[in-house]
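**Student:**
Protein chains in written order, with the numbering used here: chain A, 1 to 286; chain U, 1001 to 1334.
So this is what it looks like as structure tokens:
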């Protein structure tokens, strides 16, 4: 039981990063980004190629991915989302699905369907108070917590974060106050890119990298964001932790293959009972 | 070659049906369904399981249609009070759940091995020789029927109400339309059509397994609906056919460039679908044939795309107001 909760917390921390990215893009750009799974896959392949093909040590490869991948999200934005900016959420979300096919299959075309692993030595799990703790889990938890603190500082303590929250709250008012929303949108994609890249490396350390990997996380990611209330980054973190723990505990009753099913149930329940998530605000539709 | 063509055409008609379903849900009512493949799989598995029990074709297809319609209603019910974004997430989750069930519940669905030996309708009467042709004719007849029903529905008050909900649900509800019920009905209607498509898929190869119901099925339907013009059933058939033939053409890429293996060809195909989807959304959102409107604009362009038309008439009136003669004529309002 304690072991499951521990695993759940670590999984939750890893999922929290893309869930925040999802929430941020939803808050600023007002559409759910269905390409988030494929973006995760793409970032993981960048890190893998640097690590195994170019022979860069994993830490350096991860750092490089953190720098390189935001460039990819910016290209996606200028190529796909910017031309569609004012077309409403439905068009944007269908476009993001299209983007997800492109990204995923570029990986498949270049690297094939085989599952890949980072070049890291296998290590014996640590034992502490009857719990098995993998070295990867410690790294994942550390990196995720660091990233969460960073995001918190950026959003709540920096002028950029203030501008982002202003645009999320009321784009017209923000524009009237002289906030350049183009710059804010770029910053959002860069931040989302960094978060996705970080979690992709953590996911890749935890499991194998294959073109399908994004699909395994997309439902859980959306579940975290919906449970926390779409558009609320803090809610996404709580949602992700909750989904991680529930997902692990659910393996006691259902087959582990049904993790996405549990996440779907959570989405359905939250939408039925508390449609705006546990922490979301009720928004008045225009 | 004839055999290849009949198979392709049968697949096109299944794909066209799926696209019809999406057109009802998304094109007419503005509700995105990312779980289409899951609905089709549900229809196919229901059909397969019932026919394998020894029941006839008609009860099996009816059960598939009903199951998918009910499921569509339930899925839309979860998020029908919220904005469309949430429904998209729910449908994506639903599709994933269906995929997991078909993969993991081997006692019911055969798991990854699938269900073989699904009896094809009327095969005893027709015989093996002519069966493919007969089946193709049957598929086309089904598509034609669905097309006719949808064309009538579109022009009926129901279709107009759906489009009103899509364009502005607040206006629709203040005009006394029950938005909730309309959305659920549209989603159930779409679901029913996916059930039909699923049944046809099950009979097509008389074998189904989870790998037949991948996101590519969903992507293909979106592509066909966008290419054909959202809300336009006629355009959609055109879109479905042209895209299927374009994609089938990529099969022959292998003969030209032999460095590529099958997996890579499949990847290229999906990249084309994704990129094409985005390009159409950016450059030709109204599709090839715009949807039916109550009053088609008169004039030589008859039925041209609405956006440039609107802009042009705007420019014309602007010009006319500055015209001296025009100022003399009293406007109809006065």
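The beta-carbon is built from N, C-alpha and C at its ideal position, and this holds for glycine as well.
#1: Residues of the region 249-272 of chain A in Cβ contact with chain U at a cutoff of 8 Å, in chain order, please.
#2: Going by DSSP, name the residue or residues bridged to residue 128/A.
#3: Return no unless some Cβ of chain U is closer than 9 Å to the Cβ of residue 72/A.
#4: Is there a C-beta anywhere in chain A that falls below 9 Å from the one on residue 1108/U?
#5: Check this for me: beta carbons of residue 218/A and residue 191/A, under 9 Å apart or not?
#6: Please return the same chain residues whose Cβ sits closer than 7 Å to the Cβ of residue 3/A, not counting the five positions on each side in sequence.
#7: So, with DSSP's three-state summary, where would you put residue 1082/U?
#8: Within the 9 Å Cβ cut-off, does residue 75/A reach chain U?
#9: What does residue 227/A touch in chain U if you count any residue whose Cβ is under 8 Å from its own?
#10: Report the neighbours of residue 145/A on chain U: residues whose CB is nearer than 9 Å to its CB, in chain order.
#11: Quick check: is the beta carbon of residue 1085/U nearer than 9 Å to any beta carbon in chain A?
#12: Which word fits residue 1245/U, buried or exposed, when buried means at least 16 other C-beta atoms lie within 10 angstroms of its C-beta?
#13: By the three-class DSSP mapping on this structure, what secondary structure does residue 1284/U have?
#14: Alpha carbon to alpha carbon, how far is residue 1224/U from residue 150/A?
#15: Per DSSP, which residues does residue 1230/U bridge with? Please list them.
#16: Is residue 1240/U helix, strand or coil by DSSP?
#17: Please identify the residue among 1201/U, 1147/U, 1095/U, 1093/U whose C-alpha is closest to the C-alpha of residue 1119/U.
#18: Where in the region 1049-1118 of chain U do unbroken runs of the alpha helix (DSSP H), each at least 4 residues long, occur, reported from the N-terminal end onward?
#19: Using the C-alpha atoms, what's the distance from residue 1023/U back to residue 1084/U?
#20: Do you know how far the Cα of residue 1059/U is from the Cα of residue 78/A?
#21: Could you run through the region 185-213 of chain A and flag, in chain order, every residue whose CB is less than 7 Å away from some CB of chain U?
#22: So the candidates are 1067/U, 1094/U, 1207/U; which of them puts its Cα closest to the Cα of residue 1189/U?
#23: At a CB distance below 9 Å, what residues from the region 4-23 of chain A approach chain U? Give them in sequence order.
#24: What do you reckon, are the CB atoms on residue 1091/U and residue 1036/U nearer than 9 Å?
#25: Determine which residues share a DSSP beta bridge with residue 116/A and list them.
#26: Would you kindly work out how many angstroms separate the C-alpha atoms of residue 269/A and residue 214/A, rounded to a whole number?
#27: Rounded to a whole number of angstroms, what is the C-alpha to C-alpha distance between residue 1042/U and residue 1275/U?
#28: Below 8 Å, how does it come out for the region 1194-1208 of chain U and the region 1133-1142 of chain U: are there three or more Cβ pairs, yes or no?
#29: I want to see whether chain A comes within less than 9 Å of residue 1096/U, judged by CB atoms only; does it?
#30: Decide yes or no for the touch test of the region 227-235 of chain A against the region 111-127 of chain A: beta carbon pairs closer than 8 Å, at least 3 of them.
#31: Within 9 Å of any Cβ in chain A, is that where the Cβ of residue 1276/U sits?
#32: In angstroms with no decimal places, state the Cα-to-Cα distance between residue 30/A and residue 1027/U.
#33: Identify the continuous alpha helix (DSSP H) that holds residue 1177/U and give its terminal residues.
#34: Using a Cβ-Cβ cut-off of less than 9 Å, give me the residues of the region 101-120 of chain A that come near chain U, in sequence order.
#35: Measure the beta-carbon distance from residue 164/A to residue 194/A and round it to whole angstroms, keeping in mind my assumption that it falls under 8 Å.
#36: Starting from residue 91/A, find everything on chain D with Cβ-Cβ shorter than 9 Å and list it in chain order.
**Tutor:** To lay it out plainly:
#1: 255, 257, 258, 260, 261, 263, 264, 267, 268, 271, 272
#2: 131/A
#3: no
#4: Taking Cβ atoms only, chain A never reaches closer than 9 Å to residue 1108/U, which makes this a no.
#5: no
#6: 131, 132
#7: coil
#8: no
#9: Under the 8 Å cutoff, chain U gives no residues; its nearest Cβ is about 11 Å from residue 227/A.
#10: Ordered by position in chain U, no residue passes the 9 Å Cβ test against residue 145/A, which lies about 27 Å from the chain.
#11: At least one chain A Cβ lies under 9 Å of residue 1085/U.
#12: exposed
#13: Residue state, collapsed to three classes: coil.
#14: 44 Å
#15: BP columns for residue 1230/U are empty, so no partner.
#16: helix
#17: For residue 1119/U, the nearest C-alpha among the options comes from 1201/U.
#18: 1057-1079, 1084-1104, 1106-1109
#19: Answer to the nearest angstrom: the Cα atoms are 15 Å apart.
#20: 51 Å
#21: none
#22: 1067/U
#23: Residues passing the 9 Å Cβ filter: none.
#24: yes
#25: Answer is 209/A.
#26: 24 Å
#27: 29 Å
#28: yes
#29: yes
#30: no
#31: yes
#32: 21 Å
#33: Element bounds for residue 1177/U: n/a, residue is neither H nor E.
#34: Of all residues in the region 101-120 of chain A, only 101, 102, 103, 104, 105, 106, 107, 108, 109, 110, 112, 113 come within less than 9 Å of chain U when Cβ atoms are compared, listed by chain position.
#35: Wrong, their Cβ atoms sit about 14 Å apart, outside the cutoff.
#36: Of the protein chains in the structure, A and U, none is chain D.
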